[in-house]
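Trainee:
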Amino acid sequence: MNRKLLYCLSLLLVALCLPPQWYPPALRLQLSEWFGAAPWRPLPATITAGTGRPQMFCPQATAGWKNRQVVENVEIAAVDTCQADNPWLIAAAVRGVNNVSEATLRKSGLTADAVVKGADLDGDGDPDEIHIRLEVAELNGSSAEQQEAVTRYALAPGIHPGLWVFAPKLAGMTTENFVSDRARPDLRLPSPALRVEQGDRVSITLENTHYMPHTLHLHGADHGFVLADGQGNDGVPFSSEQPVLPGASRTYFLQPRQTGTMFYHCHVQPHVHVMMGLQGLFVIEPNRPHNWLQTINPGAGKVRVSSAAVREEYGQEYDLHYLDLDRELSEGVQKYTDPRLVTRYMHREYDITDASSDYFTLNGLSFPYTFRESLVVADRGERIKLRVLNGGAKGLALHTHGHKFIATHRDGAALPPASRSPRDVIWLATSQRAELDLLTTNDGLHAYGPGIWPFHDHQNRGITTDGIGPGGNISAIVYRQYLGEDGWPKTRGISWDNYFTAEYYRKQIPVWQSYAADLLGEPGADPRMVTRLLGLALGIGLLLGLLATRKRP
Amino acid sequence: MIRVPLLLFAGMTALAQPQAQPMSEHRHEPGDAGGMVMNANTDTLPRGCSAISRDYEFTVAVGRPYAEGIPGMIFGMSDHELRVQPCSRISVTLVNEDAVRHQWMVHGLPVYLYPQGMFHIEANAGHSRRGTFIAPADDRTYLVHCGMPQHMENGMKGQLVVGEGSGDLWSVKEVGGSFTRSAYLPAGYPWLLLPALLLGAGLALMTRRFD
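Written out as structure tokens, the structure reads:
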């Protein structure tokens, strides 16, 4: 008797508590026709969904690094943004570590063989024997006994994908200090932009400090297929040579006859290795007298010591290296600690034909970090050279506000003058390079006047970080009058506080919460519905319990 | 590429330079293409030591050859564990047998004596470097590793046991077990579970029959 009552009660509970939104629509409409509208009740109130403590927008470079200065007789141009490269590293990269004092070498952070410059073969007052050494470093890798990524490098707040980079040889510790897991500032994405002179005898030693085989391929730069001693020189494991195994090294050689903006990358399983970050700009400058080049531009960006040929025509020069990354690929180095399992995941389980890119970087960073160091800072009436590389898996539709670029070179070769028309979208297929003239002459064509003018990939995924915008490779051309004392642009729109939180890019903060929360903020939950749901669950539980304990006849 | 003139005055300039930059708060010995030593200490006694208790001379060879044949290990050391007495003076010669750089770093040393608590030897490809430091007075186990990215994770992890030490570290070859994230189950392992599950269920049913 009691059980029958309980059956009835539980069925009644289920019927009453089932949210009307879950009824079949036809039934719900029929019911409303029969019984009319329910009484007015406002929808759940807007709540504050996620919050995060914003990071500092504009951390300053070490004191004095940004200034224009002369180190080892090298004139190093000023940087106007928040962050700047170490001027001693730049001086050592220009003179060669063998031609600077012990003090400069130590302050540069380079090893005593990182960039060695030898004889002046053509007697024009600059060295023509250049020996560059590169190592391979894993950023945001895993360590078995800890949760967080090691040799940590953030693309944007809270974004730490696994990366592989060619790194200049940096002496000593790889982290900021001994209590930190964060990579030191010059150990970063992208691999450094390299600069040599036309006709230089260039040796590049790949010292494979990584746990996988790698090679070096000089894409677009004039190099022989084999060297005189029979060693392969094209970096391709299936056609020219054995890969360089962990702990081993190989010296590649070239004496480029042509100038231009080229590309270097690993050629072992390139669909994985190139996309992990083993790629960089390789610039061959015209031969000029007294042409001491900045052989290494760490993290690309503004070139603080430009070549003689660039200085003849331009006031400033920027290296802009674009790269998109797939989180599913970069996770491989974080999921496993056994290098054999990492290898299996990255080269067999991961399938690039099913891939999609999640992170879009300019010079190794995504918005808003791009604004710390990858702004193009201009005055009116300047002529600025931009060297652009699209190292990513997708094409790049490079668009700028407020200006039109003129492409002068593509893939290192000069374009005929007649074809150099101003454009506001420059298309770069995967691995293509373009050299662009940016004229800040306010004539309504080349430039529309001073401002903070964003430039970015106009394929719209490129302006997001894992689908959250603004993110990705957004940077800006900022006129000096719009730049604050500290190097941060005087932006006029909404607050950037949310963009400087990891929570925003983890999709936890409604995009307009900071300024239109009343309008389109996050709706709260309906407590009455929660109560009904609990009743429903109780009813179902009762029913199931009764069914399970019924007596068999 | 001639380094001789530089080496001649290197020692003097290293002493004369003000130590202003972040990297130079450590005591560098003049570095060269062969490597360097940071925070060497041959004579300052740690607190609690009244004299050098003993002198040790170790040679640690490192590189690929010391990881050969060991599954999942890429780089190795000839000795992953060094045992010393408290207050002893330890000289380590790091012999790098690879064609890439390696390091030998000790962590957690007293910061009043070793900036950031570390002692560091770095040897370039095919070179060796010797450095000396003095062990503290208390029994403790210190982490020793190569600081190049992923070298510790791929085998170059060791421990320095002072006195009785304070317990072994994980993932030190022939000392502590691997703290791996992977269970190393064979392919198709769920099928292995099926017979065991059936057996368990069968046993449970049999007990019911005896009720």
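Quick mapping for you: the protein sequence lines, in order, are chains A and B. Each residue of the first sequence is one higher than the last, beginning at 8 in our numbering. Each residue of the second sequence is one higher than the last, beginning at 163 in our numbering. Every residue gets a Cβ at the ideal spot worked out from N, C-alpha and C, and that includes glycine.
When the Cα atoms are used, what is the spatial distance from Asn467(A) to Leu305(B)?
Mentor: 48 Å
Trainee: Would you kindly check if the distance between the Cβ of His242(B) and the Cβ of Val334(B) is under 9 Å?
Mentor: yes
Trainee: Rounded to whole angstroms, what is the Cα-Cα separation between Met536(A) and Arg513(A)?
Mentor: 28 Å
Trainee: For the alpha helix (DSSP H) containing Ile547(A), list its first residue and its last residue.
Mentor: Its alpha helix (DSSP H) spans residues 534-555.
Trainee: Quick one: grab the DSSP three-state call for Asp217(B).
Mentor: strand
Trainee: Scan the region 339-355 of chain B for residues whose Cβ lies nearer than 8 Å to a Cβ of chain A and list them as they occur along the chain.
Mentor: Ser340, Phe341, Thr342, Arg343, Ser344
Trainee: Taking the straight line between their C-alpha atoms, what separation do you get for Ser426(A) and Val78(A)?
Mentor: 41 Å
Trainee: For Gly37(A), is the classification buried or exposed, using 16 other Cβ atoms within 10 angstroms of its Cβ as the cut-off for buried?
Mentor: Per the sequence presented here, residue 37(A) reads as Gln, with Gly not at that position. It is exposed - the Cβ of Gln37(A) has fewer than 16 other Cβ atoms within 10 Å.
Trainee: Any beta carbon of chain B sitting closer than 9 Å to that of Lys233(A)?
Mentor: As written in the sequence, residue 233(A) is Val, which differs from the Lys given in the question. No, no contact with chain B.
Trainee: Since Arg226(B) meets chain A, which of its residues come closer than 9 Å, beta carbon to beta carbon?
Mentor: What Arg226(B) touches in chain A: Leu252, Pro253, Gly254, Ala255.
Trainee: Got a sec? Which residues, its chain only, sit under 8 Å from His297(A) by beta carbon, not counting five neighbours each side?
Mentor: Asp131, Gly132, Asp133, Ala315
Trainee: Note down, in chain order, every chain B residue with its Cβ under 8 Å from the Cβ of Phe185(A).
Mentor: His269, Gln278, Gly279, Met280
Trainee: Span of the beta strand (DSSP E) holding Ser253(B)?
Mentor: 251-258
Trainee: By a C-beta neighbour count over all protein chains shown, 10 Å radius and 16 as the cutoff for buried, is Asn9(A) buried or exposed?
Mentor: Result: exposed.
Trainee: Check whether the region 302-318 of chain A and the region 367-386 of chain A are in contact - that is, three or more C-beta pairs closer than 8 Å.
Mentor: yes
Trainee: Could you give the C-beta distance for Val222(B) and Val254(B), rounded to a whole number, given that I count them as a contact under 8 Å?
Mentor: 6 Å
Trainee: Give the range of the alpha helix (DSSP H) segment to which Ala386(B) is assigned.
Mentor: Any property of residue 386(B) remains undetermined from this structure, which presents chain B solely from 163 to 373.
Trainee: Is the beta carbon of Lys411(A) less than 9 Å from the beta carbon of Arg430(A)?
Mentor: yes
Trainee: Just the chain A side, please: which residues come within less than 9 Å of Trp332(B) by C-beta, in chain order?
Mentor: Ala151, Glu152
Trainee: Going by CA-CA distance only, name the one from Asp493(A), Gly542(A), Leu20(A) that's closest to Met63(A).
Mentor: Asp493(A)
Trainee: Given a threshold of 16 other Cβ atoms within 10 Å of its Cβ, counted over all protein chains shown, does Lys73(A) qualify as buried or as exposed?
Mentor: Note on Lys73(A): 16 or more other CB atoms within 10 angstroms of its CB, so buried under the neighbour-count rule.
Trainee: Hey, which unbroken runs of the beta strand (DSSP E) at 3 residues or more fall wholly within the region 157-187 of chain A?
Mentor: 170-175
Trainee: Once the 5 residues before and after Ala297(B) are set aside, which same chain residues still bring their CB inside 7 Å of it?
Mentor: Here the set comprises Val246, Pro248, Cys249, Ser250, Ile252, Val324.
Trainee: Using a Cβ cut-off of 9 Å, pull out every chain A residue sitting near Ala318(B), in sequence order please.
Mentor: Residue identity differs from the one stated: residue 318(B) is Met in this sequence, not Ala. Met318(B) does not reach chain A, its nearest Cβ partner there being about 11 Å away, counting only Cβ pairs nearer than 9 Å.
Trainee: Under three-state DSSP, which class holds Trp41(A)?
Mentor: helix
Trainee: Between the C-alpha atoms of Ala483(A) and Trp460(A), what's the straight-line distance to the nearest angstrom?
Mentor: 5 Å
Trainee: For Ser17(A), does the three-state DSSP call read helix, strand or coil?
Mentor: In the structure shown, Ser17(A) sits in a helix (DSSP, three-state: H, G or I).
Trainee: Could you tell me whether the Cβ atoms of Thr472(A) and Leu252(A) are closer together than 9 Å?
Mentor: no
Trainee: Quick one: grab the DSSP three-state call for Asn74(A).
Mentor: Of the three classes helix, strand and coil, the one that applies to Asn74(A) here is coil, per DSSP.
Trainee: Within 9 Å (strictly less), CB to CB, does Asp260(B) reach chain A?
Mentor: It does; some Cβ of chain A falls within 9 Å.
Trainee: Name the residues in the region 200-233 of chain B whose C-beta lies less than 7 Å from a C-beta of chain A; which are they?
Mentor: Met200, Gly225, Arg226
Trainee: Please tell me whether Val209(A) has its Cβ less than 9 Å away from any Cβ of chain B.
Mentor: no
Trainee: With respect to the alpha helix (DSSP H) encompassing Leu128(A), which residues constitute its N-terminal and C-terminal limits?
Mentor: Counted as a single uninterrupted DSSP element, the stretch harbouring Leu128(A) is not any alpha helix (DSSP H), since DSSP gives it neither H nor E.
Trainee: Relative to the C-alpha of Asp365(A), which residue among Leu393(A), Gly476(A), Glu82(A), Gly287(A) is closest?
Mentor: Gly476(A)
Trainee: I want to see whether chain A comes within less than 9 Å of Phe295(B), judged by CB atoms only; does it?
Mentor: no
Trainee: Need the endpoints of the beta strand (DSSP E) that Gly469(A) sits in, please.
Mentor: No beta strand (DSSP E) contains Gly469(A), which DSSP labels as neither H nor E.
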